[in-house]
Amino acid sequence: MVSPVNVVKTRKSKDWEGPSLRTVLIGLSLVAVVMGVFAYYRYITSEKAIMSGMAELEGKGAKLDSEGCINEVLDWHKRCDALSMMCNDAVKIAMYHCLEARDRSEDCGRLKPDVVSKGQWVFGVCKDRGTECRRRKQCACADAYRAMDSFCRTDQKAVQL
Numbered sequence: 137m138v139s140p141v142n143v144v145k146t147r148k149s150k151d152w153e154g155p156s157l158r159t160v161l162i163g164l165s166l167v168a169v170v171m172g173v174f175a176y177y178r179y180i181t182s183e184k185a186i187m188s189g190m191a192e193l194e195g196k197g198a199k200l201d202s203e204g205c206i207n208e209v210l211d212w213h214k215r216c217d218a219l220s221m222m223c224n225d226a227v228k229i230a231m232y233h234c235l236e237a238r239d240r241s242e243d244c245g246r247l248k249p250d251v252v253s254k255g256q257w258v259f260g261v262c263k264d265r266g267t268e269c270r271r272r273k274q275c276a277c278a279d280a281y282r283a284m285d286s287f288c289r290t291d292q293k294a295v296q297l
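In this text, residue positions in the sequence shown follow my numbering: the first is 137, and each later residue adds one.
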């Protein structure tokens, strides 16, 4: 008869039956590098798309009034090929590029100071024009109107981002 002590000694014990730690770390590193390269590529292509849009809006801005600039910027925003976050953040800059192409004194004179002093006015204007804001924090229409207001308040020199 075999004693239980001898059986335990003869069995080979394995605690881990899977890939080695080195294999796991190399795999994770490769995934991280591939994701980093993809993110960098996506960022660069997004930046190029936005910059080409700015040049397009500068050219069109010389012929448009402020409402025309808002229409163009919102149209550009709809067809923006960049990352959505970058497109949303670029609306105010796009408005500046469109507005600065010519003098907007007449358009700025039409803004009513008592109305624009209240920050909620943009949502009513956007609703009236058919581009109602679904999310108030991410609304291209509201950002465009705020950019126009900011452009006028700075004597046509800048837009508050």
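Quick reminder that beta carbons are idealized off the backbone N, C-alpha and C, glycines included.
Judged by beta-carbon spacing, Ala-226 lies beyond the 7 Å limit of Leu-193, meaning their Cβ atoms are not closer than that value. Under the DSSP assignment, Leu-219 falls outside any alpha helix (DSSP H); it carries neither an H nor an E label. Only exposed fits Ile-180, as fewer than 16 other CB atoms lie within 10 angstroms of its CB. Across the structure, Gly-266 and Trp-257 are spaced so that their CA atoms are roughly 15 Å apart.
Pairing Leu-235 with Phe-287 gives a Cβ-Cβ distance under 7 Å. Going by C-alpha positions, Leu-297 is about 37 Å away from Ser-165. Boundaries cannot be given for Cys-269, as no alpha helix (DSSP H) includes it and DSSP labels it neither H nor E. By the Cβ neighbour-count rule, Ile-162 is exposed, with fewer than 16 other Cβ atoms within 10 Å of its own. In this structure, Lys-228 lies away from Val-167, with their beta-carbon atoms at least 7 Å apart. Per DSSP, reduced to three states, the secondary structure at Ala-226 is coil, with no helix or strand assignment.
By the Cβ neighbour-count rule, Ala-191 is exposed, with fewer than 16 other Cβ atoms within 10 Å of its own. Taking a 10 Å sphere around the C-beta of Arg-272, we find fewer than 16 other C-beta atoms and assign the residue as exposed.
DSSP places Thr-159 in the helix class (H, G or I) of the three-state scheme.
For Ser-182, the CB contacts under 6 Å within the same chain, skipping 5 residues up- and downstream, are Ala-218, Leu-219 and Met-222 in chain order. The DSSP-derived three-state label of Cys-277 is helix.
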